[in-house]
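Those letters in the sequence shown? Residues -26 to -1, 1 to 261, by mature numbering (1 follows the signal peptide of the UniProt record, and there is no 0). Even glycine gets a Cβ: it sits at the ideal position worked out from N, Cα and C. This report concerns only the one structure given below.
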Amino acid sequence: MQPRTIRNVLAASVALGLAVTGMASADPVDDELIIDGDLKIVTQAPAPEHLQDVMDTIWSGWHFREDDTRAMQMDDFDNPGMIFVDRGLDRWNASMGTEDKSCASCHEGPESMKGLRAVTPRVDEATGKVMSIEDYVNDCVTTRMGAEALGMTSAPMKDLLALISMQSRGEIVNVAIDGPAAPFWEQGKEMYYTRYGQLEMSCANCHEDNYGLNIRSDHLSQGQINGFPVYRLKDAGLVTARQRFVGCVRDTRAETFGSGSDEFKALELYVASRGNGLAVEGVSVRH
Ligand code: HEC
Ligand code: HEC
């Protein structure tokens, strides 16, 4: 890990009006995520090339959580996110819309989605648009099933997202940042370093400069999204990456973009690329 300077730590704590504690115990927890005793998930990796001047190692948010929260993710029976995966399978098989088709009518089993979560968001060649899993789902729902678009953070969308993400569990995130993705990646990067809100804090101020530190008794992670969707114990529900962005921007007391906005799509692409090298966790558990 890169050494953190006292200066930027203090700048952040002053801006936040927070007590920074545990500066000495700044490290991510040294532990291994092995699910059900046999599936090893890559939760730390060398930083991707585009980040190598700012950090050496990338860490999943899992390493920054309490022992009992980490333990819940090591056993599918204890992982509350699995309920949403089961519900997603029911939705997958249920017919809807004027075409009276289910996802299964065209895609067969959900295994057909294997690998997708590791490479999205990505730019769709045909339309030139940034597509995350939610966007693909709605494309099928509206153009192929004859139904109304699902809300980006609605229960059916999140259930399907959980199911589809799970098919790539353990696969290494490898989101494209070049070619047609480049302009969106640049846009997302710029957002990541822009200071928002009354606190004038950027994503980087917290998740790059100060990860490992405790603010408001919260152990700051690198803000990676390889674990999404996340089951948040605090909300007793599933949270998507863009929902998390909304929450973080709000915490800087700024007006936020909507979870379906183009801005957050670009940000999602960029943040995903900061995790290139970590594994997809399927549905993770956070506090
Ligand atoms: C009428 C057939 C049809 C139905 C019904 C359908 N899809 Fe699709 N779906 C397609 C086609 C065709 C594509 C684009 C070609 C491809 O990549 O498979 C696609 C692409 C996708 C993709 C992107 C896959 C990739 O690898 O690029 C996702 C995700 C997806 N569909 C999810 C769903 C979900 C979830 C449902 C049910 C809510 C659904 N689809 C219903 C036909 C369908
Ligand atoms: C004022 C500090 C602060 C700022 C600024 C901030 N966050 Fe966060 N963020 C947090 C805290 C605290 C958490 C919860 C603990 C953790 O996982 O780091 C969090 C969690 C996250 C997580 C969840 C990580 C996981 O594994 O569960 C993501 C993703 C994230 N932030 C992304 C962002 C992005 C993108 C931005 C910029 C738009 C941002 N954050 C701005 C403080 C901040």
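Per DSSP, the continuous beta strand (DSSP E) segment holding GLN18 begins and ends at 18 to 20. Using a 10 angstroms sphere on the CB of ALA253, the tally of other CB atoms reaches 16 or more, which defines it as buried. Shortest Cα-Cα distance from PRO95 to any of ARG39, LEU135 and GLY35 involves LEU135.
Relative to ligand 2, even the nearest heavy atom lies 7 Å or more away from the CB of ASP41. Per DSSP, ILE9 is one residue of the beta strand (DSSP E) stretching across 7 to 9. Listed as beta-bridge partners of THR31 by DSSP are PRO20. GLU145 is not a Cβ neighbour of GLY55, given a cutoff of 8 Å. GLN198 counts as buried, since at least 16 other C-beta atoms from the protein chains shown sit within 10 angstroms of its C-beta. Going by DSSP, TYR185 is part of no alpha helix (DSSP H) at all; its letter is neither H nor E. In this structure, VAL223 keeps its C-beta atom at 8 Å or more from the C-beta atom of TYR185. Following the DSSP letters along the chain, one finds ILE107 inside the alpha helix (DSSP H) bounded by residues 107 to 113. With respect to ILE107, ILE138 sits close: the two C-beta atoms are nearer than 8 Å. MET70 has LYS75 as its beta-bridge partners, per DSSP.
Approximately 6 Å separates the beta-carbon atoms of PHE38 and PRO2; this is inside 8 Å, confirming the contact. A check of alpha carbon separations from ASN250 across VAL97, PRO84, GLN18 and ASP5 identifies GLN18 as the nearest. Ranking ASP225, VAL245 and SER128 by CA distance to the CA of GLY211 puts SER128 first.
Put simply, the segment 17 to 35 touches the segment 187 to 201. At least three CB pairs are less than 8 Å apart.
Of all alpha-carbon atoms in GLU174, LEU243 and MET131, the one lying nearest the alpha-carbon of ARG61 is that of MET131.
Non-local C-beta neighbours of ALA21 in its own chain, meaning closer than 7 Å and more than five positions away in sequence, comprise MET29, ASP30, THR31 and ILE32, ordered along the chain. Boundaries of the beta strand (DSSP E) harbouring ARG260: 258 to 260, taken from the DSSP string. By DSSP's assignment, LEU212 forms a beta bridge with TYR205. Sequence-distant partners of VAL111 (beyond 5 residues in either direction) whose C-beta falls short of 7 Å from its own C-beta, in its chain, are LEU124, MET131 and LEU134.
Distances between the C-beta of CYS177 and the heavy atoms of ligand 1 are all 7 Å or more. A distance below 7 Å between beta-carbons, with the five flanking residues on each side excluded, links ALA246 to the following residues of its chain, in chain order: PRO95, VAL147, VAL149 and ILE199. Per DSSP, the continuous beta strand (DSSP E) segment holding ILE15 begins and ends at 13 to 15. Note on THR226: 16 or more other CB atoms within 10 angstroms of its CB, so buried under the neighbour-count rule.
Distance check between GLU82 and each of ALA92, ALA68 and ARG91 places ALA68 closest, using alpha-carbon atoms only.
In this structure, ARG260 is the residue among ASP12, ARG260 and GLY102 with its C-alpha nearest to the C-alpha of TYR205. Relative to the Cα of GLY35, the nearest Cα in the group ASP4, GLN141 and ASP64 belongs to ASP4. Distance from the CA of CYS77 to the CA of THR101, rounded to the nearest whole angstrom, comes to 22 Å. Residue pairing by DSSP puts VAL104 in a beta bridge opposite VAL97.
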